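Asker: Next up is a structure, given as structure tokens.
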Amino acid sequence: MDRLTDNKLAKWFFLCLCLSQCAYARLIYEDSKINFLSADDKIQNHSPGLKVYCHNASSKYLTHIWRTMTMHLNINTDSSYVLYDGKTPDEVYQKYDQNEKSWSLNLFDTGKAGHRQFKIDPFENSCIGIYIDSPNQYGYMMTLIDTRINVWGVTMMVIGIIIFWCARILSWNSVFYYTCGIVLGVTLSLIILIYIAGKLIRGKTVYIIFAASMSLYIAKTLWENMQLIVMQYREWVMWYILVTSLISFIICYRFGPVTNARTKQIIQWFLQLVGLTLVYYSSYFREASFSCCIIFILLYNFPKAIFERGKRFK
């Protein structure tokens, strides 16, 4: 009887040991699909399936106000791929299981070979999942680039400060009025062309989808191929800008600049709001950029009181 009991215990022990080994092997297999990247890390992949690439949040310091992180995806495979995003690997896997593709990452992507880059917030946990459906000898490479000072972020803050500080001068300036009118006219003409193109497509459902995405698609395509378009269709681009600018100028000249003082005040407030928005979104360090906005508002509205208090502290 004792031997029978011992045999059963041995069998149960052996079974538990096998199950634990299988669970451990599965854990290792799952962990191999999750890669945590640091600055300048490069990871190459040649196997199919879903692989997740994550970056852990960095500490916030004032010297990192314009810091940015960029994930570069160089994919040479002929197989299609799908992108998923999330804050954690579990969130990415959940979206993968529910087939929730990343709208922002996949909307304008062909899913074929090429180079993609994704800007991520260095002060928050970020993950991107890449799924390829078949093996390929070329695969892809994911690289994380750390930019200490983002030139575009600095430029946004400088432009925002200038617009905020010069809003009153700009709102009373006739040249600024005509310039904004011409830019708005050229932009509206593009929107009208998109609307006409949408009307040519039959079907309400198709039109709704088309109207929702075509404006963003055209803007992105034009921006990425701006140099090529200008070089190949230089005369058409020049004539289009010239004609639409002339029509916009004539309309602005017909109505004349704004003369009402309250309307000018509203324009000033709107420009200042635009300037503060640029300052706020010039950095991923939102607390620092928000503090800058508060400082600029105080300096603009109470300059004498602030300078007098500053002298007292000296």
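Under mature numbering (1 follows the signal peptide of the UniProt record, and there is no 0), read the sequence shown as residues -25 to -1, 1 to 289, first letter to last.
In this text, a Cβ means the ideal position worked out from N, Cα and C, and glycines have one as well.
As the structure is a prediction and not an experimental result, all values here were calculated from the model.
#1: Contact defined as beta carbons within less than 8 Å: I believe Thr219 pairs with Ser164. What is the distance between those atoms, to the nearest angstrom?
#2: How many Å lie between Asn125 and Val254 at the Cα?
#3: Going along the chain, which unbroken runs of the alpha helix (DSSP H) with 4 or more residues stay wholly within the stretch 201 to 263?
#4: DSSP three-state call for Cys268: helix, strand or coil?
#5: Is the beta carbon of Tyr256 sitting closer than 8 Å to the one on Phe98?
#6: With a threshold of 7 Å (Cβ to nearest heavy atom), would Val57 be considered close to the ligand ZN?
#7: Taking 8 Å as the cut-off, does the stretch 234 to 254 touch the stretch 14 to 30 (at least 3 CB pairs, one atom from each stretch)?
#8: Could you tell me the distance, in whole angstroms, from the CA atom of Ile157 to the CA atom of Leu217?
#9: Quick check on the burial criterion: 16 or more other C-beta atoms within 10 angstroms. Buried or exposed for Met46?
#10: Which stretch, first to last residue, makes up the beta strand (DSSP E) that contains Asp60?
#11: Could you name the residues that DSSP lists as bridge partners for Thr162?
#12: Report the residue from Tyr106, Tyr71, Thr63, Asn49 whose alpha carbon sits nearest the alpha carbon of His90.
#13: Tell me, to the nearest whole angstrom, how far the beta carbon of Tyr106 is from that of Val57; I am working on the premise that it is less than 8 Å.
#14: On the DSSP bridge assignment, give the partners of Tyr28 in chain order.
#15: Would you report the Cα separation of Leu2 and Leu25, rounded to the nearest angstrom?
#16: Does the stretch 31 to 43 come close enough to the stretch 260 to 271 that 3 or more CB-CB pairs lie under 8 Å?
#17: Beta carbon of Asn74, beta carbon of Cys29: below 8 Å?
#18: State the CB to CB distance for the pair Asn20 and Tyr115, rounded to an integer number of angstroms; the pair is presumed to be in contact (CB under 8 Å).
#19: Considering Cα atoms alone, identify which of Gln247, Ser223, Asn10 is closest to Gly104.
#20: For Leu251, count neighbouring Cβ atoms within 10 angstroms of its own Cβ and tell me buried if that reaches 16, exposed if not.
#21: Kindly indicate which three-state DSSP category Tyr115 falls into: helix, strand or coil?
#22: Kindly list the residues whose CB is nearer than 7 Å to the CB of Ile222, restricted to its own chain and excluding five residues on each side of it in sequence; keep chain order.
#23: Ordered along the chain, which non-local residues of its own chain (more than five positions away) have a Cβ less than 6 Å from that of Asp96?
#24: With H, G and I counted as helix, E and B as strand and the rest as coil, what does DSSP make of Asn49?
#25: Put Phe151 into one of helix, strand or coil per three-state DSSP.
#26: Please work out which residues of its chain come closer than 6 Å, Cβ to Cβ, to Arg143, disregarding the five sequence neighbours upstream and downstream, and give them in chain order.
#27: Classify Ser266: buried if its beta carbon has 16 or more other beta carbons within 10 angstroms, exposed otherwise.
#28: Since Trp41 and Gly128 should fall inside the 8 Å C-beta cutoff, what is the C-beta to C-beta distance between them, to a whole number of angstroms?
#29: Quick one: give me the first and last residue of the alpha helix (DSSP H) that Gln19 is part of.
Answerer: From the atom records:
#1: 5 Å
#2: 14 Å
#3: 201 to 207, 209 to 230, 236 to 255
#4: helix
#5: no
#6: Absent from the structure shown: the ligand ZN. Ligands present: none.
#7: no
#8: 10 Å
#9: buried
#10: 56 to 61
#11: Paired residues: none, contrary to the question.
#12: Asn49
#13: 5 Å
#14: Asn10, Ile103
#15: For Leu2, the pLDDT reaches just 39, beneath the cut-off of 50, and the residue's location in the model is therefore unreliable, leaving the point undetermined.
#16: yes
#17: no
#18: 6 Å
#19: Asn10
#20: buried
#21: strand
#22: Gly160
#23: Tyr259
#24: strand
#25: helix
#26: Gln243
#27: exposed
#28: 4 Å
#29: Element bounds for Gln19: not the alpha helix (DSSP H) but the beta strand (DSSP E), 17 to 20.
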